[in-house]
Amino acid sequence: MADQLTSIESKTKDLIETFNELNLTVYDYANTDDTQNSILNNLNKIITTIKDLNQDSFALSKTEKNVNIPLDVIQYIENTRNPDVYTREFVESIQLANDYQREKQLALKNMSKKLGQGILDVFCGDNTDEDIDDDEKIKIKESVESIWRRGGIQ
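Residue numbers (UniProt numbering): 1 to 154.
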């Protein structure tokens, strides 16, 4: 599959180069046999390359591993925009989303730490009711510390 993609890529580059050569030849058109032969050769080369690309893409589509291109990328290309811009914008949006999630996790850890500390102060502090014995205080403390360990809270 990689060989097929490499072949398609090189043929596409050749096709673009041939279009550029044809463009220059037509732009500097001189009514000579050499110019007419050059135009005819470039047109034949374009037709042959497009036929080869069509066959290669058809063969590639028959393989089990299809190449799926996101619709957004195709629309970028159709709007004459660089797909690298799409990639850069996509990466930037993912980084922003990751930063947002990281901040949410940090906020939840801080809230858990304060909540756990509040529970320890209320139930295990010096001025607690005599209804809670030392074994229950130890269980409460171990539970809070266990939650902190699972959450990666120091």
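Using N, Cα and C, we set each Cβ at its ideal position, and we do this for glycine too.
Give the range of the alpha helix (DSSP H) segment to which Thr-18 is assigned. That run of the alpha helix (DSSP H) goes 2 to 27.
Where Ser-38 and Ile-94 are concerned, what is the direct C-alpha to C-alpha distance, given to the nearest angstrom? Each residue's Cα considered, the two are about 49 Å apart.
Compare the Cα-Cα distances from Ile-16 to each of Ile-50, Gly-118, Val-91, Asp-133 and report the closest residue. When each option's Cα is compared against that of Ile-16, the closest is Ile-50.
Please report how far the alpha carbon of Ile-8 lies from the alpha carbon of Asp-33, in whole angstroms. Computed Cα separation, rounded: 33 Å.
Go to Asn-37, then tell me how far its alpha helix (DSSP H) extends in each direction, as first and last residue. 33 to 62 is the span of the alpha helix (DSSP H), which, as asked, contains Asn-37.
Determine contact between the segment 132 to 147 and the segment 112 to 121, defined as no fewer than three beta-carbon pairs at a distance below 8 Å. Contact holds: three or more Cβ-Cβ distances are below 8 Å.
When the Cα of Leu-108 is compared with those of Glu-136, Gly-151, Ile-74, which residue comes out closest? When only C-alpha atoms are compared, the closest one is Gly-151.
Distance between Leu-106 and Ser-10 (C-alpha atoms, nearest Å): Near 49 Å, if we compare the C-alpha coordinates of Leu-106 and Ser-10.
For Leu-115 and Trp-148, I'd like the C-alpha separation in whole angstroms. Taking the straight line joining both Cα atoms gives about 11 Å.
Does the distance from the CB of Pro-70 to the CB of Ile-77 come in under 7 Å? In terms of Cβ geometry, Pro-70 and Ile-77 do not form a close pair [threshold 7 Å].
Rounded to a whole number of angstroms, what is the C-alpha to C-alpha distance between Thr-87 and Gln-55? Their backbone Cα atoms lie some 29 Å apart in a straight line.
From this set, Thr-48, Ser-112, Tyr-100, Ile-132, which residue's C-alpha is nearest Ile-153's C-alpha? Ranking the options by Cα distance to Ile-153, first place goes to Ser-112.
Tell me which residue opens and which closes the alpha helix (DSSP H) that Asp-133 is part of. Element bounds for Asp-133: n/a, residue is neither H nor E.
Is Gly-116 helix, strand or coil by DSSP? Three-state result, Gly-116: helix.
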